[in-house]
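Working notes, beginning with the structure itself.
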Amino acid sequence: MDSHHPSYEFDNPRNVVVEAPLVEALQDPQRVVELWPEISEAHAFARQIEQHAKYTTDLDAVLDNLPHPTLSLESAVEAGFVSEYQVSELYNSLTALLEDPDYARLSLYLPFEFLPDASWNPKDSQLQEAIEQFKRTYLNSWGGLLSLHDVRANFADGIITQEADGLPRVVKAAHLIPQLIERGLFTETEALELFHTTEDAVLRQSLADVLEAFHGNTADVPTVQTDLPPELITEAVRVKLEKERHHQAIMATAKPFTEAVTENDLPEEVIASILSEETEAVTRAAFIEGVYIAIESAAMTDKAKAEALSQQYSEVFAALWEHEDAGVKKQLTRAYRRLHRLGVVDQEQLIHRDINLPNLGGQFSENLALFPNDIENLRQITEAIAAHPELRDLIYPVATVGGSRLKGYSEADSDIGVSVFIKPDTPHSARARVHELLTTTFAVGDTRYDPKKFWLDEYGDGGLYIHDFADQNKRTADRFWAHILFGDVWIGDKQAIAELQTRLLPVYFYESNQTIGGRTARQLYLERIEQDLLQYRLMHKGYQRHYPRYSLPTANQAIDGKSLFWDSGYRQLATKLFVSKVFLPKIIR
């Protein structure tokens, strides 16, 4: 297979291919030149990609050598984990990236441990200069975000809906102020002045959250959002809320187990009852979580104690693994993965139980092996489209596949996100017929897929464009769904995929003067890619299935509950994903 053309051919005679997400192709200059030869040459795409690749390389050179996410870069240099040169190169790359307004939102996710303390005065002059330039650029980039409103749930509890107009908003950049103050980059006086002078009601409320946190109110904010307008509580949202309530019930029941395990005061009869078939699954799940939390807490201060606790309960966990209950196995799978990340469970135990350990910051195409049956189903479906006498005239024999399965943090029962492309000469009056045909075609045995639809228009310039319907619905895509176009795997006829990618996607590279809510169209495209990769299920569900909690800044505990947005480990992963994958080459008109 040509290393510069990441298509995944299987052993069969069909002209159906599986191609890696374009966020990966955009890391390969030669692949981009193959896809868009004329615009690549005219607008130095290869040079842009090479420069962006250096940002990723410089970040990885530091992240790969940090033994713990809570270690500051200053401490890492002093301890010899990274060199002054490596940190200097990292700061130079972050500065260059943040200087581009398209990537200013990276400042929301950068690990707080990367923010240099005002007192840090390294001996190396190049590092000192890199730090000063980074601080100026970071503060300028961060300050520019104080005018932007985000859906608060995206960062808080993840209970999001297709229609965001009725949801509370937040200026998330303001919520970073406690950490900026801690590092001497901002002051509480400046926060107070901004609070009293701003006319932006959303910014004022966000600053009020910060000031309230500073004055000792660290009461937990409920993680279930209860103030959604009734009309926004769709069936999908209701299911999410119900799952969250179930999770909270487990966590509440887990607390006594954690306390007993920590104090080595868990009676044998309690363990015996946990192993009993009569015990409710929710109680067993709470026990597993309670033991895990006790080990996690010990691991942060006393690795030997954590290892001893893990060994003490290893036989109980092994016995629970033999239970047939899928929910218990799911809870154990999460526990084993996180214990492995903590270094108290070896990889052999995961292999013995057939527990995979995806690299959530790696290439998504590596995760195709995790759901081969769905990939083969969709190959067959795209073939069926090409052979269907009516459907082949209406849609392209192509499907894209994304979601948490592709990103590596799914559960065994997670849905597959699928999308299709409706040909530009298909009349809009045929929407009901197209839906009917797709419902039948996208079913293989007992597996049914519910594809989202990109309806395309064709203009005289030879390009394809996504049609925005006035009566948009959750199954009909609009032009801002760049996260699917660039983040999904493409499956189908090789020539049809090439036509879509070459004619439909170049518009996403153009710089735009049009603004919507303070953002340009290009910034909105990048923001949708950001939300898909960093927020949504990763922040609220996916990360905690694979990683332990590393830290929760005290001053932020009163702001949006205990969101993983604040966790040092999550912020490292989010930064890695942002730098490597939230990227579109730019064409300046």
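Take 275 as the starting number for the sequence shown in the numbering used here and just add one per residue.
A virtual CB, placed ideally from N, CA and C, is assigned to each residue, including glycine.
Because the structure is a prediction, the values reported are computed rather than measured.
Query: Between the CA atoms of residue 371 and residue 377 - distance to the nearest angstrom; Result: 6 Å
Query: For residue 850 and residue 333, believed in contact at Cβ under 8 Å, the rounded distance; Result: 6 Å
Query: 6 Å CB neighbourhood of residue 645 in its chain, flanking five on each side removed; Result: 679
Query: Stretch-stretch touch, CB-based, cutoff 8 Å, three pairs: the stretch 661-670 with the stretch 626-641; Result: no
Query: Residue interval of the alpha helix (DSSP H) (run including residue 661); Result: 646-661
Query: Inter-residue spacing [alpha-carbon to alpha-carbon] between residue 325 and residue 862; Result: 17 Å
Query: Same chain only: Cβ atoms within 7 Å of residue 523, ignoring 5 sequence neighbours per side; Result: 556
Query: Residues near residue 271 in its chain [Cβ-Cβ closer than 7 Å; skip 5 each side]; Result: With the chain covering only 275 through 863, there is no way to say anything about residue 271.
Query: Length at least 4, wholly inside the stretch 696-767: the alpha helix (DSSP H) runs in chain order; Result: 705-715, 756-761
Query: Contact check, residue 846 vs residue 396, beta carbons under 8 Å; Result: no
Query: As assigned by DSSP and simplified to three states, the class of residue 671; Result: strand
Query: Cα-Cα separation, residue 408 to residue 418; Result: 15 Å
Query: Buried versus exposed call for residue 529 [16 or more other C-beta atoms within 10 Å across all chains shown]; Result: exposed
Query: Straight-line gap, residue 817 to residue 683 (C-alpha atoms, nearest Å); Result: 7 Å
Query: Member of 782, 798, 781 whose CA lies at the smallest distance from the CA of residue 789; Result: 798
Query: Touch test, the stretch 751-761 against the stretch 798-810, Cβ-Cβ under 8 Å, three pairs minimum; Result: yes
Query: Residue 811 versus residue 298 - alpha carbon distance; Result: 20 Å
Query: Exposure label - residue 388; buried when at least 16 CB within 10 Å; Result: buried
Query: Beta-carbon spacing of residue 361, residue 401 below 8 Å; Result: yes
Query: Identity of the residues DSSP links to residue 424 by a beta bridge; Result: 444
Query: Buried or exposed by the 16-neighbour rule on C-beta atoms within 10 Å, applied to residue 823; Result: buried
Query: Neighbourhood of residue 949 by C-beta distance below 7 Å, restricted to the same chain and skipping five residues each side; Result: Residue 949 falls outside the range modelled here, since the chain spans only 275 to 863, and no answer is possible.
Query: Per-residue burial, residue 570 [other beta carbons within 10 Å of its own, 16 or more giving buried]; Result: buried
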